[in-house]
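Each residue of the sequence shown is one higher than the last, beginning at 1 in the working numbering. From the three backbone atoms N, C-alpha and C, an ideal C-beta is built for every residue, glycine too. It should be emphasised that the depicted structure is a prediction, and the values quoted were computed from it without experimental measurement. Since the structure comes first, as structure tokens, the remarks are kept for the end.
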Amino acid sequence: MAHANPERTTTGSRFRHKIIALILLILACALAIAFQRMTEGHRVIPVETYMLVPFVLLLLAIAIVPFISSDWWGRYYPHVSFVLAAVVVVYYLFVLNNGPRMCVTALDYFSFMAITGSLFVVSGGILIRIPGGATPFSNTLMLLIGSTITAVFSNTGASMILIRPYLRMNKGRLSAYHVVFFIFTVSNIGGLLTPVGPPLFLGYLKGVPFFWVTIHLWIIWALETALVLAAFYLMDRYFYKKTRHLKEPVKKPVKERFSVKGWHHSIFIVVILAAVFLETPVREIVMIAAGFLSYIVMKEEIHKENEFNFLPLKEVGILFFGIFATMVPVLDWLELNAGKVGLTEPGHFYWASGILSSFLDNAPTYLNFLSAACGLHGLSVDNVAHVKAMLGLLPVDELAKLQIAADAPRVLNSLSWKYIAATAAGSATFGACTYIGNGPNFMVKSIAEQANVKMPSFFGYMIKYSIPILVPIFTLVWYLFYH
């Protein structure tokens with residue numbers, strides 16, 4: 001009996017995957033163009049409070065159901081996500097007759113998946129080897145480097161490039177806290193340095209100068225990074241010493257030299273990040289095309305050594321589909337009722353945008369609070385001159401020409417820029433508080449679990465790590481800068 005050649009079978013399977021990827025690329029681009037045309041006339045109109053329930057249910061399902069039955073959740077989480085999303089979509093289409101609003105959300109989701117998916121695919125073709133047997137100092141240095149290079153590669157790019165080598169260098173004593181602190185620093189806090197990724201990129205599009213973020217937020221990045229890394233170093237040092245005193249110490253991995261394979265794929269990363277400055281949907285089409293081309297030319301042996309597969313991307317795509325859809329009523333309600341909940345000072349915007357960014361996607365949350373901050377001063381976030389006036393960057397003669405609402409609750413002054421700074425600081429960092437606070441968080445968690453790291457549950461992550469470590473640090477930042 002003739003036996004199939006395994007190598008030929010693998011090649012054929014890989015070829016089919018490329019064909020499927022190409023078809024999906026074409027369909028995605030076509031849908032993006034169609035949704036772009038259907039967003040005209042989008043408006044935010046009042047929603048019934050009971051429509052906030054689907055988002056709450058999805059959040060509770062993500063947090064509780066895996067703890068009750070991980071097998072059931074692993075099998076049926078797509079059904080939960082799609083059904084709850086469908087409830088909101090049907091409500092907006094047939095009850096509110098507000099289809100353009102859902103088209104805007106569809107484009108936001110498309111943008112999110114374009115940059116997340118393309119960077120995930122490209123990073124899978126880059127194999128970075130770092131000498132194993134990591135010490136507390138080398139781990140801390142790695143996290144500091146990762147948090148710093150987010151200024152160039154964005155949270156998503158830096159997370160996808162560094163998570164696999166970071167896991168390998170700790171092989172032998174890898175624990176959940178290693179991954180949690182990676183999420184804290186690389187996947188979130190590093191996003192304060194530049195607006196190369198969401199959410200701060202949306203502020204750049206609205207008129208916030210590129211390096212304004214760096215000038216006004218670098219000190220918060222430095223403070224938060226220093227305190228988080230100090231906590232990590234003490235924790236890692238404690239467990240490092242503990243493993244050295246075990247009767248049967250953990251077997252150390254074989255020492256390796258530092259090396260990089262597939263480094264030429266970094267060209268695709270540059271293309272993806274440069275595409276951020278293009279218009280939708282051209283931006284997303286370029287990103288997806290770069291990811292597809294990277295996958296085409298990627299060496300299979302690098303895929304194998306990186307243990308690359310699409311399961312993390314699939315999980316993120318399905319869950320965030322539900323999150324993006326169900327959060328639309330929440331964001332609309334917030335935009336229409338922000339003035340009624342007492343948001344009047346920079347500190348209020350810091351905490352409100354931060355807390356919501358812990359559970360909602362931080363990009364639309366940031367934009368909504370940016371809009372609320374401008375509205376508080378009788379200005380519009382859609383007017384570049386108004387945004388520059390908020391930042392104190394508009395000349396006096398031009399400032400006098402602005403038509404500011406006479407009944408605005410707040411008057412422009414030399415400290416009005418703090419409203420935007422506080423909103424940016426809260427939106428960009430509080431996402432570290434939960435797995436769903438930022439796209440890279442869930443991706444990093446999924447990759448770590450595939451490397452057999454037993455990650456804490458949704459509430460376990462918050463109770464054991466984010467609340468005792470991050471909340472005091474975020475409170476200190478509020479007291480020093482926005483109190």
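According to the Cβ coordinates, are TYR204 and PRO195 closer than 7 Å?
yes
Where does HIS483 land, buried or exposed, given buried means 16+ other C-beta within 10 angstroms?
exposed
What residue from LEU57, ALA422, ALA448, PRO78 has the CA that sits closest to PHE321's CA?
When only C-alpha atoms are compared, the closest one is PRO78.
At which residues does the beta strand (DSSP E) containing ILE44 begin and terminate?
Before going further, note that residue 44 is Val rather than Ile in the sequence given. Taken as a continuous stretch (DSSP letters only), VAL44 belongs to no beta strand (DSSP E), as it is neither H nor E.
Under a Cβ-count criterion, where at least 16 other Cβ atoms within 10 Å of its own Cβ denotes burial, should HIS377 be classed as buried or exposed?
buried
Are PHE310 and PHE232 closer than 7 Å when you measure CB to CB?
no
Cβ atoms of THR365 and LEU84: under 7 Å apart, would you say?
no
From PHE239 to ALA451, what does the alpha carbon distance come to, in whole angstroms?
20 Å
Can you grab the Cα-Cα spacing for the pair ARG168 / THR475, in whole Å?
34 Å
Less than 7 Å between C-beta atoms, sequence neighbours within five positions excluded: which residues of the same chain meet that for THR156?
ILE115, THR116, LEU119, GLY197, GLY439, PRO440
Where LEU60 and PRO54 are concerned, what is the direct C-alpha to C-alpha distance, given to the nearest angstrom?
10 Å
Between ASN306, LEU229, SER457, which lies nearest to ILE68 when the distance is taken from Cα to Cα?
SER457
To the nearest angstrom, how far is the alpha carbon of GLY437 from that of SER357?
6 Å
At the level of alpha carbons, what is the spacing between ILE163 and MET287?
21 Å
Just to confirm my understanding: we take PHE201, look at its own chain, exclude 5 residues before and 5 after, and list those with CB closer than 7 Å. What are they?
PRO195, VAL276
For TRP478, which residues of its own chain have a beta-carbon under 8 Å away from its beta-carbon, when the five flanking residues on both sides are left out?
GLY347, TYR350, TRP351
Indicate the three-state DSSP secondary structure (helix, strand or coil) for LYS242 in the structure shown.
helix
PRO329 and MET443: beta carbons closer than 7 Å?
no
Quick check on ARG534: does DSSP put it in helix, strand or coil?
The question about residue 534 has no answer, for the chain in this structure spans 1 to 483.
Can you check whether the CB of ASN188 is closer than 7 Å to the CB of ALA432?
With contacts defined as CB atoms closer than 7 Å, ALA432 and ASN188 qualify as a contacting pair.
Judging by CA-CA distance, which residue of GLU449, GLY354, LEU391, VAL387 is the nearest neighbour of ALA425?
GLY354
I'd like the ranges of any alpha helix (DSSP H) spanning at least 4 consecutive residues and lying wholly in the stretch 160–202.
176–185
Just confirm the distance between the C-beta atoms of ALA32 and LEU107, as a whole number of angstroms; I'd bet it's less than 8 Å.
With a contact defined as Cβ atoms closer than 8 Å, ALA32 and LEU107 qualify at about 7 Å.
Name the DSSP beta bridge partners of LYS261, please?
LEU127
My output table needs one value for LYS454: the three-state DSSP class, helix, strand or coil.
In the structure shown, LYS454 adopts coil according to DSSP, grouped into three states.
Relative to the alpha-carbon of ALA226, which residue among LYS206, ILE302, SER147 has its alpha-carbon at the smallest distance?
SER147
Less than 7 Å separating the beta-carbons of ALA289 and PHE268?
No; because the gap between Cβ atoms is not below 7 Å, this pair is not in contact.
For the alpha helix (DSSP H) containing TRP478, list its first residue and its last residue.
Run containing TRP478: none; DSSP gives neither H nor E here.
My output table needs one value for PHE308: the three-state DSSP class, helix, strand or coil.
coil
Give me the Cα-Cα distance between ILE19 and GLU305, rounded to the nearest whole angstrom.
If I take the Cα positions, the gap works out to 23 Å.
Which value, in whole angstroms, describes the spacing of the CA atoms of PRO131 and ARG16?
36 Å
Buried or exposed: ALA34, going by 16 or more other Cβ atoms within 10 Å of its Cβ?
exposed
Using CA coordinates, which residue listed in VAL411, ASN362, VAL471 is at the minimum distance from HIS386?
VAL411
Looking at the secondary structure, which residues open and close the alpha helix (DSSP H) in which PRO66 lies?
53–68 is the extent of the alpha helix (DSSP H) around PRO66.
Do you know how far the Cα of LYS261 is from the Cα of SER294?
Answer to the nearest angstrom: the Cα atoms are 14 Å apart.
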